[in-house]
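K.L.:
Chains as they are written, first to last, in the numbering used here: chain Z, 798 to 1126; chain F, 9 to 785.
#1: Can you tell which of 563/F, 583/F and 557/F has its C-alpha closest to the C-alpha of residue 572/F?
#2: Output, in chain order, the set of chain F residues within a Cβ distance shorter than 8 Å of residue 915/Z.
#3: Could you check whether residue 192/F and residue 35/F sit closer than 7 Å to each other, using their CB atoms as the reference points?
#4: Which residues, in chain order, does the stretch 1001-1023 of chain Z contribute to contact with chain F at a C-beta distance below 9 Å?
#5: At a CB distance below 8 Å, what residues from the stretch 522-543 of chain F approach chain Z? Give them in sequence order.
#6: Counting only C-beta atoms, is residue 1040/Z closer than 7 Å to chain F at any point?
#7: Does the distance from the CB of residue 680/F to the CB of residue 549/F come in under 7 Å?
#8: Should residue 650/F go down as buried or exposed, given a rule of 16 or more other Cβ atoms within 10 Å for buried?
#9: Check distances from the C-beta atoms of the stretch 500-512 of chain F to those of chain Z and list, in chain order, the residues that come in under 9 Å.
#10: With a threshold of 7 Å between beta-carbons, can residue 58/F be considered close to chain Z, or not?
#11: Using 10 angstroms around the beta-carbon of residue 1015/Z, count the other beta-carbons present and answer buried if the total reaches 16, otherwise exposed.
#12: Just the C-alpha distance for residue 856/Z and residue 840/Z, rounded to the nearest angstrom, thanks.
#13: Apply the 10 Å Cβ neighbour rule to residue 482/F and answer buried if 16 or more other Cβ atoms are within range, or exposed otherwise.
#14: Output, in chain order, the set of chain Z residues within a Cβ distance shorter than 9 Å of residue 564/F.
#15: Following the continuous alpha helix (DSSP H) through residue 1036/Z, name the residue where it begins and the one where it ends.
#16: What span of residues does the beta strand (DSSP E) with residue 128/F cover, start to end?
#17: Roughly how many angstroms separate the alpha carbons of residue 371/F and residue 1047/Z, rounded to a whole number?
#18: How many Å lie between residue 871/Z and residue 863/Z at the Cα?
#19: Just how far apart, CA to CA, sit residue 822/Z and residue 804/Z?
#20: Residue 1039/Z to residue 1075/Z, Cα distance in whole Å?
#21: Report yes if the CB atom of residue 730/F is closer than 7 Å to the CB atom of residue 751/F, and no otherwise.
#22: Might you give, ordered along the chain, the residues of its own chain that have their beta carbon closer than 8 Å to the beta carbon of residue 423/F, omitting 5 neighbours on each side?
#23: Does the beta carbon of residue 950/Z come closer than 7 Å to any beta carbon on chain F?
#24: Nearest chain F C-beta to residue 817/Z closer than 7 Å, yes or no?
#25: Hey, quick one: how far does the beta strand (DSSP E) through residue 742/F stretch, first residue to last?
#26: How should residue 824/Z be labelled, buried or exposed, when 16 other C-beta atoms within 10 angstroms of its C-beta is the threshold for buried?
#27: Work out the CA separation of residue 918/Z and residue 966/Z for me, nearest whole Å.
#28: Starting from the Cα of residue 960/Z, find the closest Cα among 801/Z, 922/Z, 833/Z and 869/Z and give me that residue.
#29: Just the Cα atoms here: how many angstroms apart are residue 82/F and residue 137/F?
#30: Starting from the C-beta of residue 570/F, find all residues in its chain whose C-beta is less than 7 Å away, skip the five residues before and the five after it, and write them out in chain order.
#31: Residue 1094/Z and residue 1000/Z: beta carbons closer than 7 Å?
#32: Using a Cβ cut-off of 8 Å, pull out every chain F residue sitting near residue 903/Z, in sequence order please.
#33: Where does residue 351/F land, buried or exposed, given buried means 16+ other C-beta within 10 angstroms?
#34: Go through its chain and collect everything with a Cβ distance to residue 837/Z's Cβ below 8 Å, but skip five positions before and after it.
#35: Strictly below 7 Å CB to CB, what residues from chain Z border residue 415/F?
#36: Would you say residue 271/F reaches chain Z, if we count a Cβ-Cβ gap shorter than 7 Å as a contact?
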């Protein structure tokens, strides 16, 4: 019984280990007791052994139980000791952020890549042929007034749209063709709603004559707008671009007022988001394509990004403004 | 383009069509409505007749008026100088609420009671039509005292501002819009009224004769006006107010109004242009010179559709005004002006967009207008010239139209739509083909595609059902996509290092180029027409705009500004590079619990590690000629193999001071050099690498990159890597430093004996000793 009391008295695992060795070790209490057995009468030995075995087993049980209890207590003590105010450790503000324009651009590119479009790029510094002439905008065309162009002294220009990438692609690749071209474009315009540089994504699909239709164009753009903005109504309006015919502009039901009319949609209930149309035959002629049909569209990325992320000030987008960018972390 | 409902109603009946229906219809046929506004007045605003006007007993500027408002006479004290007995005026009676929010109450002005207000146009929310109160005239309708102003459609009108597309010059007039609506709404235009010219007037032949060259390609119509003064009626002043158009001269206002209404272009000349002798008959010559149609009187008077000799412009003082209506082919005049490098006047711009070819329509309108504008009168008849405008024919196949639209449409329906638009269809043998001749006013219709657009417009774009396109499989993930993905991957890595992606204009401030040490672009390649002085150059580096952005953010109170950008740059010869660049001002990391709110200041080493986490590992080598924007001795070129992939370092203190930054760190890398390569693996050994550190005393000026290169040139077997892990100096070492190198040995086939390891260490030490005078510590 004394043995058990001794085990119970241990307060640490090392104390308990010392007691265990004292009782159960090679030269311990029980070993000594068993050694005494040879001095006993043979008749007495079984009873002695049985009693001793029982006592030893009891000691072992007690030690194991005590060990478990002490281990638990030790873990509990450690847990208690390591308690802390985890709320001090907020990681907010440790990550940077992708720029909203690029965030939107990636999303748009991924949609069209998923639709099997090829991604193309082209130079920012263009010539009049690729930027205007080949796109059915001859020099005397009044629609050239629509574009305020940055020129270089050697008559090169900063592309006013991503459409020249269409021309470059068609001049080097045979149909069928399915491509998008994201990138920066430039117009001489700088006010609350215009910046001299902004971003577009151009889309172009060309296949054999009579294969590609306006109905196809309606399908892809309606689906894209659903994927990008969610379930808002989509409206096509006839419009005019020199490089497409028929042409249309596409509106979505205002995402701010859900069509009721507000400041953003100028009380119309609709937001204009992109322009599109069937490629004008003169454009195909300029690149030497014959017996083909196709559609093209152009998305203004800033427009889509400001709407989707509800950014109020367009110009803040180009000032590396952390107050804006931190909201995209 | 601005129109109003009552104005459109002059050409077709919109009865039964609501404002909203009209709005939807205009949009659906491609005329975006930027603004629609319905003018509505309080029912207590009525027509009043001023019966008497007496001076106010106690105020010089006020008058006491008795006004008949139907069933009663009311007394109103009025301050307007233009009030007079006999006038019909809008009267806001007691209780009426005006658009500005003013509610009319019984009042007393300097002791005289006033029971209402005689209103100006502005007070009623209408455009201003002149000083003082708005005097009503018969052009707004029958004026009956007591009738609500709402009963007059010209006042209670609906205003539409249309955003016309560049091809639709034919809709730059109220008549043009009405004509397009008549096709879309299937409503007939009012027929032109019979000729009611005053036959008793003197014939124009008495004052003018026209001599025209047969090769002329302009339509003209000339009439003479005997000027006895003009008084502009209210309807015209009101509508010109809507157009925000207020010419000084009444004759200009008349021309402007007639053009806006009918689309016919007018120029008004003084008779002196054609005859120096007031008694003699003048001569108008129409010539064809150098592709232009020239008008000539006593001297050249201008090229038709381009300009006019302004010395002979008619004024309100001209006794005899020669009014010229004209039409030229819009494409031809635009091309001729461009080829001759000529800039025309405002009417030239209109002529290029397309004007109304039916000059008679405009002249009749002008005639009617003059009848309500005072005592000036037209001479009878007109002098006209019209060339044989060729019929442009477009071959149409309805199968192609249907294929382009993607939907079956009956041939009859297509033909009907085109006829409604004024085109002629000549059906031939082939049942799906016909020749289409568009009307003269639709110069924009040139191809089958243009005609298809008309079908879509009038049929209704909503009638076309979306349909997915079947296309053969093509590989979308080509090189363009791989590059895009790679750039975006770099961006996300930078974000995970706490950097914010920033975008800046391709332009920068040319003055910053020199500060940063970049050559200005050769004039030949430079921007010809920058938008502002601050954005007058193409950026040769992303860093100029990034550093400016960092400075702005600091000024706005951000302690730490980590920014990066991926973008295009152009050097002095306009060679293009796409770069990724970083700027960091402030501490190495944000303040947090772990660094006890005192984050380490940034060092080149820490900055290099952050940048390397994005672009991949690189060696740093000293720059023999650091660029001006970097601080010498705190900057490096980043090397991979023998290739320089970028530069990084501390912003030059002078530049930091200029931008009001304590310090800044910048890096710029060439994206082309960062493109992922296909890794080539070799068999890995299971044998563990062995590391040995050695410390050597070396001259302080000894560069690690040189040492490292010297060791690597020895090609010591088993030596895989030499890394600098410590550099130590104290006074006892004098001008020497202690450099600790970690040698990593990689056994290939069998583990290395202690002797073999010692041999490697010995060879490294040998290099250090013999080449650099190093001694073991």
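No residue lacks a Cβ here, since even glycine has one placed at the ideal position from N, Cα and C. Since the structure is predicted, the reported quantities are computational estimates derived from the model, not experimental observations.
P.N.:
Reading from the atomic positions:
#1: 557/F
#2: 482, 483, 484, 486, 488 and 489
#3: no
#4: 1002, 1004, 1006, 1007, 1008, 1009, 1010, 1011, 1012, 1013, 1014, 1015, 1016, 1017, 1018, 1019 and 1020
#5: 531, 532, 533, 534, 535, 536, 537, 538, 539, 540 and 543
#6: no
#7: no
#8: exposed
#9: 500, 502, 503, 504, 505, 506, 507, 508, 509, 510, 511 and 512
#10: no
#11: buried
#12: 26 Å
#13: exposed
#14: 1118, 1119 and 1120
#15: Where residue 1036/Z is concerned, there is no enclosing alpha helix (DSSP H), although the beta strand (DSSP E) it sits in stretches over 1031-1038.
#16: Note, residue 128/F: premise wrong, no beta strand (DSSP E); not H, not E.
#17: 40 Å
#18: 12 Å
#19: 14 Å
#20: 11 Å
#21: yes
#22: 433, 435 and 442
#23: yes
#24: no
#25: Here residue 742/F belongs to no beta strand (DSSP E), and DSSP marks it neither H nor E.
#26: exposed
#27: 9 Å
#28: 922/Z
#29: 25 Å
#30: 506, 507, 508 and 592
#31: yes
#32: 496
#33: exposed
#34: 845
#35: 1012
#36: no
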